[in-house]
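With the working numbering, letter number 12 in the sequence shown gets 29, and the count goes up by one each step, no holes.
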Amino acid sequence: MGRQMSRDTIRAYFEAFNADDTDAMLDCLHPDVAHHVNEGNIRVGKVKFAEFCAHMSHCYRENLTDMVIFASEDGTRAAAEYTVNGTYLATDEGLPEANGQTYRLPAGSFFSLEGGRITRVVTYYNLSDWIAQVSKAA
């Protein structure tokens, strides 16, 4: 697998995210994908990933812009930098109360790939920045 195949897989993953198409996102993943959530635990497998996506879709509506995708020469590692443009729809446990606040923050994801499928997703964003934005808008 080369750099272009990895970039294409990551692009398809994020296009599915922006289309709110969890099934298409799952198609990009290895069955035993390790999902490292920002400020959270590692979830393993497509079922856990789908559960996370359902929760996120309930609490947040997000669209990713300013996407830049990087991939290693051998295609086994990739990264993406982007801007999250979101609306906080429903209160997420342990976080400020939701009332339709909007937010915009830089974020990034790191990936491992094998055989054209994503085996690891690690997502980072500044939680303090997000909390400040939704608290100010409250």
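Here a beta-carbon is modelled for each residue, glycine too, at the ideal position from N, C-alpha and C.
So is residue i buried or exposed if we call it buried at 16+ other beta carbons inside 10 Å?
i, result
"Ile-135", "buried"
"Ala-71", "exposed"
"Ala-36", "exposed"
"Gly-103", "buried"
Grab me the residues of residue i's own chain with a C-beta within less than 6 Å of its C-beta, minus the 5 sequence neighbours each way, in chain order.
i, result
"Cys-45", "Thr-26, Ala-29, Tyr-30 and Ile-135"
"Tyr-141", "Asn-55 and Gly-125"
"Ala-88", "Arg-20, Ser-23, Arg-24 and Ala-95"
If you follow the beta strand (DSSP E) that residue i is part of, which residue opens it and which one closes it?
i, result
"Asn-80", "77-88"
"Ala-149", "From DSSP, Ala-149 is part of no beta strand (DSSP E) but of the alpha helix (DSSP H) over 144-153."
"Glu-32", "Glu-32 -> not in any beta strand (DSSP E); alpha helix (DSSP H) instead, spanning 20-35."
"Glu-131", "119-131"
When the Cα of residue i is compared with those of the options, which residue comes out closest?
i, options, result
"Asp-91", "Asn-143, Asn-35 and Leu-130", "Leu-130"
"Phe-66", "Thr-39, Arg-78 and Asn-35", "Thr-39"
"Val-85", "Gly-62, Phe-127, Gln-118 and Ala-149", "Phe-127"
Taking 7 Å as the line, does the beta carbon of residue i fall inside it for any heavy atom of the ligand COA?
i, result
"Glu-68", "Within the structure as shown, the ligand COA is missing, as the structure has no ligands at all."
So, for residue i: in the same chain, excluding its five sequence neighbours on each side, which residues have a beta-carbon less than 8 Å away from its beta-carbon?
i, result
"Leu-106", "His-75, Cys-76, Tyr-77, Arg-78, Ala-115 and Gly-117"
"Thr-100", "Leu-81, Thr-82, Asp-83, Arg-121, Leu-122, Pro-123 and Ala-124"
"Phe-69", "His-52, Val-54 and Arg-60"
Over what stretch of residues does the alpha helix (DSSP H) that includes residue i continue unbroken?
i, result
"Ala-41", "39-44"
### Task
Spell out a yes or no on whether the stretch 122-137 and the stretch 35-53 are touching, meaning 3 or more CB-CB pairs, one atom from each, closer than 8 Å.
The stretch 122-137 makes contact with the stretch 35-53; the number of CB pairs closer than 8 Å reaches 3 or more.
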